[in-house]
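What the sequence shown shows, in full-length UniProt numbering, is residues 1 to 223, in sequence order. Built from N, CA and C at the ideal position, the CB exists for glycine as well.
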Amino acid sequence: MARLVTQLLSKLFLLTTLLSIASSHPAAAVVSRLLLPRDPKDCTAPDANCTCQEWTFVSKDWTVANFAYRISVPVFDPEEAAREEPVPFASLVTFVVQNQALDYNAVCNATSTGGDQEDADASFDGRKWYDCVQDKPGEDGVTSFSYDRAKDRLEVKQTWECLHEGYFYRYKATGGAEAKVVCAEAEWENPDWKEGQTYQLNITECQAKHRPIQVPWTEITGN
């Protein structure tokens with residue numbers, strides 16, 4: 001019996017030591033996958049009135065609204081328009097990310113420029129991440145995205161906080177979806193052109209083929 005007690009005390013001492021070490025190194029804490037409640041609230045009911053925390057437990061995706069992609073190629077004089085040479089371009093992608101758990105949206109846009117309009121689509125290749133801006137100041141969440149024009153692929157990352165029973169809980173979700181677009185080309189010419197002004201503007205305007213775009217969460221963690 002005494003031997004068993006000694007073994008138990010030894011294991012208890014080891015466990016206490018490990019817990020002490022872990023608590024003294026909070027930066028090394030591991031964030032686990034989000035554990036959902038057994039009976040999550042049905043937030044789709046008309047009178048549900050779900051909180052941020054409850055929406056986080058039942059949500060599965062973001063809604064991406066107003067997705068648009070544009071390429072603008074300015075021409076500054078008639079001679080330049082006639083030459084078959086590389087022309088500078090500016091490309092823009094813009095959209096809004098909506099998360100049902102939050103009372104604000106993330107407004108996302110990014111621009112890219114280059115020296116040859118033939119390279120415009122390659123300027124968004126999915127390797128660079130861009131930060132979005134929240135339309136409600138003072139919130140601690142962060143939203144960012146990457147866009148691959150060649151693959152029609154949109155990736156989103158977002159962190160946010162929910163206040164629940166006096167405590168703040170922080171969540172992070174990642175996900176991606178296909179973002180196919182349909183495009184139309186237009187040309188504008190300045191009828192009163194003067195030297196130094198834009199003579200001609202060639203625009204490729206693209207909208208999401210399927211609107212809105214649902215971007216499923218591939219992973220969500222919380223602490």
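Next on the checklist: Helix, strand or coil for Q197? Go by DSSP, reduced to three states.
Outcome noted: DSSP places Q197 in coil when its eight states are reduced to three.
Checklist entry - Nearest to D118 by CA position, among Q134, A90 and C206, is which residue? => result Inspection of the sequence shows that residue 118 is occupied by Glu rather than by Asp. Of the listed residues, the one whose Cα sits closest to E118 is A90.
Checklist entry - Nearest-angstrom Cα distance between A101 and Q53? => result 7 Å
Checklist entry - Residue ranges of each alpha helix (DSSP H) run of no fewer than 4 residues wholly in the segment 72-148, ordered along the chain? => result 78-82
Checklist entry - Are the CB atoms of C43 and V58 nearer to each other than 7 Å? => result Taking 7 Å as the Cβ cut-off, C43 and V58 qualify as a contacting pair.
Next on the checklist: Relative to the C-alpha of L92, which candidate in T113, Q98, Y104 and V75 has its C-alpha closest?
Outcome noted: T113
Next on the checklist: Cutting at 6 Å between CB atoms, please list the residues of its own chain near A172, excluding the five before and the five after it.
Outcome noted: In the sequence as presented, Ala is not what sits at residue 172; that position holds Lys. If the five residues before and after K172 are omitted, its C-beta is found closer than 6 Å to the C-beta atoms of T159 and T221, all from its own chain and listed in chain order.
Item to check | Coil, strand or helix - C50 by DSSP | outcome: coil
Checklist entry - Looking at N109 and W62, is the spacing between their C-beta atoms short of 7 Å? => result no
Checklist entry - Going by C-alpha distance, which of K136, D77 and V97 is nearest V156? => result V97
Checklist entry - Are the beta-carbon atoms belonging to V215 and G166 less than 7 Å from one another? => result no
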